[in-house]
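In our numbering, the protein residues as written are 195 to 466.
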């Protein structure tokens, strides 16, 4: 009997990064999503959200996910990119599974779109890159809560250039039915005051669509830079929705991790 890839990638960090029970998870998500500022009124095409344990970064992520509830019927496909933490890969890795599971249910993968980018030289297939990766998984319960039904195209981003990431995003850009989600935290393990200063500076670069971040500024610098290149090409405007760190949410202040929430929207046609 040959050992085949499971059709469904099971949740790897449920019960660690977020509650393992569907009822506790749904309750926590509703609580976080209800404590967010009102939406700007602009339609997000892309977002950047953090990926730590919900107790640390969940409230920051909620600030960028809550406004998507207004688009719950129109967003039908999510392109999700995050950095690899466990397995080193060259390029951007697709899984071979057909769905991803969380305690809230199963999300089908967009097989057709995945097949469309496989010929690109920077795109590989690696189940190992996805098996234990939390940067993508922690975004899914938020998406399952704010959207009604969507397919997913998950990419675990390893060693790649910003231009290679932007090329993949270009192929998958789509219209209003497609949302791009980039998973990234900001600075890691700096003292509180220095982290605030560092992350404020990083946020200014992101809002300016300056695609030259390094991995000290953001662990997901590679997919973030790729999005910033594509956003510039498509005339999107970036907005900072929340900027905090683990010292603000649930950790001590001697060594903190920074979290930012950003939304990217097309300029309104007739803005005055």
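Every residue, glycine too, gets a C-beta built ideally from N, C-alpha and C.
Residue i classed as buried or exposed, judged by whether at least 16 other C-beta atoms fall within 10 angstroms
i           : result
residue 353 : exposed
residue 210 : exposed
residue 323 : buried
residue 465 : With a pLDDT of 44 at residue 465, under the threshold of 50, the predicted position of this residue should be treated as unreliable, though the coordinate-derived value follows. By the 10 Å Cβ count, residue 465 comes out exposed.
residue 389 : buried
residue 385 : exposed
residue 326 : exposed
residue 452 : buried
residue 379 : buried
residue 406 : exposed
residue 267 : exposed
residue 383 : exposed
residue 404 : exposed
Proximity to residue i [Cα-Cα], best of the options
i           : options            : result
residue 372 : 244, 346, 329      : 346
residue 333 : 404, 305, 350, 384 : 350
residue 434 : 461, 247, 258      : 258
residue 444 : 222, 377, 252, 239 : 252
residue 241 : 439, 422, 440      : 422
residue 359 : 285, 411, 337, 412 : 285
residue 440 : 381, 239, 376, 262 : 381
residue 413 : 262, 446, 377      : 377
Residues of its chain near residue i, where Cβ-Cβ distance is below 8 Å and the 5 sequence neighbours each way are ignored
i           : result
residue 312 : 288, 319
residue 364 : 424, 427
residue 302 : 292, 293, 345, 346
residue 271 : 304, 307, 344, 345, 346, 347, 368, 371, 372, 373
residue 264 : 233
residue 201 : 291, 292, 293
residue 237 : 265, 370, 459, 460
residue 222 : 212, 213, 248, 252
residue 338 : 296, 298, 299, 301
Neighbour flag for residue i against chain C, beta carbons, 8 Å
i           : result
residue 393 : This model lacks chain C altogether, as it is built from one protein chain only.
Rounded C-alpha distance that separates residue i from residue j
i           : j           : result
residue 392 : residue 450 : 12 Å
residue 462 : residue 448 : 43 Å
residue 298 : residue 225 : 16 Å
residue 207 : residue 348 : 16 Å
residue 309 : residue 387 : 46 Å
residue 314 : residue 362 : 8 Å
residue 269 : residue 341 : 7 Å
residue 216 : residue 394 : 35 Å
residue 432 : residue 328 : 25 Å
residue 356 : residue 235 : 29 Å
residue 245 : residue 429 : 27 Å
residue 317 : residue 254 : 30 Å
residue 275 : residue 418 : 9 Å
residue 256 : residue 442 : 15 Å
residue 446 : residue 420 : 33 Å
residue 330 : residue 262 : 18 Å
residue 250 : residue 243 : 13 Å
Beta-carbon proximity list for residue i, same chain, < 7 Å, skipping 5 on both sides
i           : result
residue 219 : 212, 213, 297, 298, 335
residue 408 : 415
residue 278 : 323, 327, 350, 351, 352
residue 438 : 254, 453
Same chain, Cβ closer than 6 Å to residue i, neighbours up to 5 away in sequence not counted
i           : result
residue 306 : none
residue 260 : 227, 230
residue 281 : 322, 323
residue 273 : 347, 366, 374
residue 204 : 295
residue 411 : 396
residue 283 : 320, 323, 352
residue 436 : 254, 257, 455
#### Entry: Meets three-Cβ-pair contact criterion under 8 Å: the stretch 391-404 and the stretch 448-460
yes
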